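Protein chains in written order, with the numbering used here: chain A, 1 to 117; chain B, 1 to 115. Backbone N, C-alpha and C fix where the C-beta goes; we use that ideal spot for every residue, glycine too. Just so we're clear, the structure is a prediction, and the values are computed from it rather than from any experiment. First comes the structure, then the notes that go with it.
Below, the structure written as structure tokens:
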């Protein structure tokens with residue numbers, strides 16, 4: 001069964017500093033990978049996704065993520081964090097076509113990002 | 001355009017009561033998903049509809065949980081004989097066709113509290 005691990009429950013960075021949020025997945029085939037952000041009182045918003053091609057994907061709000069098959073990782077990065085980036089971030093893996101679970105997402109437990117001024 | 005909407009935004013009920021949670025997906029989206037998010041956890045899959053039919057209900061925790069989507073648009077998640085452990089945020093998402101590559105658009109959720 002597919003699974004996602006986000007090793008860091010809570011990360012604190014200073015505004016302007018770089019950021020990397022870790023995500024490791026377990027999946028038998030080529031995964032579909034997603035990063036979502038959840039702000040208080042808001043729904044989950046997609047930051048970026050990967051399903052094929054270039055392993056470095058660009059997303060909204062200046063975020064990027066790199067798919068590394070050898071490490072089963074899909075870490076999220078941002079070169080310079082803004083105070084408005086404070087939120088909870090979720091990595092997710094999606095099921096491939098062909099099964100009844102097509103489209104179902106399995107989420108990690110999330111990483112809470114705090115940004116200090 | 002309008003996103004995914006969920007009603008009510010908050011629901012407080014007593015143990016043993018019946019509740020219904022409603023989801024209005026984005027117009028034209030054939031795929032609809034329900035997830036449950038407990039405190040401090042990521043969302044967990046409950047059920048997936050393709051059109052009117054439940055394509056995958058493997059995430060429903062037990063037979064107290066049931067969901068319908070009779071006309072292929074609005075969906076209702078129904079919980080019978082609620083228990084305190086059912087307290088969570090229930091999230092609904094929709095996507096255009098339900099392929100694994102598509103973006104799922106999430107609603108703001110219904111926060112359910114069972115006393």
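Item to complete: Count the CB pairs spanning the stretch 9–28 of chain B and the stretch 95–109 of chain B that are closer than 8 angstroms, and state whether there are at least three.
Response: Segments in contact, yes.
Discussion item. Pull the bridge partners of residue 48 of chain B from the DSSP assignment, please.
Written reply: Beta bridge pairing from DSSP links residue 48 of chain B with B/33, B/56.
Worksheet item: Near residue 88 of chain A, what residues of its chain come up, given a Cβ to Cβ distance below 6 angstroms and the 5 sequence neighbours on each side ignored?
Response: Result list for residue 88 of chain A: 38, 110, 112, in chain order.
Worksheet entry | Residues in the stretch 35–64 of chain B having any Cβ partner in chain A nearer than 9 angstroms | 35, 37, 40, 41, 42, 43, 44, 45, 48, 50, 55, 56, 58, 59
Worksheet item: Considering only C-alpha positions, which residue in the set A/108, A/29, A/104 is nearest to residue 70 of chain A?
Response: A/29
Worksheet item: residue 31 of chain B versus chain A: which residues are under 7 angstroms apart at the beta carbon?
Response: 103
Worksheet item: Would the stretch 9–16 of chain B and the stretch 29–42 of chain B be scored as touching if the rule is three or more Cβ pairs under 8 angstroms?
Response: By the Cβ criterion, the stretch 9–16 of chain B is not in contact with the stretch 29–42 of chain B, since fewer than three pairs of Cβ atoms, one from each stretch, lie closer than 8 angstroms.
Item to complete: Could you check what DSSP says for residue 150 of chain B in three-state terms: helix, strand or coil?
Response: Residue 150 of chain B cannot be examined here, being either before or after the span of chain B that is shown, 1 to 115.
Worksheet item: Of all the residues that make up the stretch 70–102 of chain B, which are near chain A by a beta-carbon distance shorter than 8 angstroms?
Response: 91, 93, 95, 98, 99, 100, 101, 102
Fill in: Whole-Å CB distance - residue 36 of chain A paired with residue 44 of chain A, under 8 angstroms assumed
4 angstroms
Worksheet item: Straight-line CA distance for residue 59 of chain B to residue 106 of chain A?
Response: 11 angstroms
Discussion item. Can you tell me whether residue 116 of chain A is buried or exposed? The criterion is at least 16 other CB atoms within 10 Å of its CB, across all chains shown.
Written reply: exposed
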